[in-house]
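Per the working numbering, the sequence shown starts with residue 3, numbered consecutively.
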Amino acid sequence: MSEMFEHEADEGTVVRILNEILAHELAGAIRYTQYSLRVFGLDRNALIAWLQAQANESLLHAQEVGERINDLAGEMTLALDALPDDQPRSTEDILRRSLEHERAAVAGYRALLRAVEGRSLVLEEFARQMVASEVTHLNEVGKMLRTTSTPDLDRRPSPPLGSIPIDAGGDHPFEGVPQ
Ligand SMILES: [Fe+2]
């Protein structure tokens, strides 16, 4: 058993999960870089900066995950997750793809956490930090995709313009309120 574990753990499983996350993070660095080169429109500059920051963060995560494999003296596969070969159609499409990518990252770190929980303080701490970081990131992308401050309203179809009566007659907001 490696020095990284205080209690018996399936090291092969942990290394396999770390390799899967590594492949995902490396692909993320490429995907975000590609997306940053495909952004057009009014918010272009802000989005380019944001996407470049995500690419850098994915690369940093990949480096950290790779070092955890080295800590375990595990075999590194150097694989790369498949990259979509179709172009994103819009900024919203880019954000939806980012959301999908981040959801998979959260699932990967959660799988790591389950494999090391109670067995390695160092790896457990690492997995928890990464879950927190990726969930925060996922929430950010979710907020960027929202158009109102109330997520439920985003899912309701808007009433057609002009269909909302200005004065519904008798529909006074205080009607029926006990004095
Ligand atoms: Fe990440």
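We put the beta carbon where it would ideally sit given N, CA and C, even for glycine.
Source: prediction; values computed, not measured.
| Check | Outcome |
| --- | --- |
| What's the C-alpha gap between arginine 91 and threonine 79? | 33 Å |
| Taking the alpha helix (DSSP H) that leucine 134 belongs to, which residues open and close that run? | It is alanine, not leucine, that sits at residue 134 in the sequence shown. 123–147 is the extent of the alpha helix (DSSP H) around alanine 134. |
| Compute every distance between the C-beta of serine 100 and the non-hydrogen atoms of ligand 1, then say whether any falls below 8 Å. | no |
| So valine 133 packs on arginine 112, CB below 8 Å; how close in whole Å? | 6 Å |
| So is alanine 31 buried or exposed if we call it buried at 16+ other beta carbons inside 10 Å? | buried |
| Sorry if obvious, but does the Cβ on glycine 43 come closer than 8 Å to a heavy atom of ligand 1? | no |
| Using only the alpha-carbon positions, how far apart do asparagine 47 and threonine 93 sit? | 12 Å |
| Note down the Cα distance separating valine 118 from aspartate 83, rounded to an integer number of angstroms. | 23 Å |
| Starting from the Cα of leucine 97, find the closest Cα among His139, Glu13, Ala11 and Met3 and give me that residue. | His139 |
| Between which two residues does the alpha helix (DSSP H) carrying valine 17 extend? | 13–38 |
| Any idea if leucine 53 is buried or exposed, counting beta-carbon neighbours within 10 angstroms, 16 or more meaning buried? | buried |
| Please go through the same chain and pick out, in chain order, the residues whose beta-carbon is closer than 8 Å to the beta-carbon of arginine 99, but skip the five residues on each side of it. | Arg33, Tyr37, Pro86 and Pro90 |
| State the DSSP-derived secondary structure class of valine 118, mapped to helix, strand or coil. | helix |
| Quick check: the Cα distance between valine 108 and isoleucine 23, rounded to an integer number of angstroms? | 10 Å |
| Taking three-plus beta-carbon pairs below 8 Å as touching, is the region 11–22 in contact with the region 50–66? | no |
| Can the beta-carbon of aspartate 73 be found less than 9 Å from the beta-carbon of methionine 3? | no |
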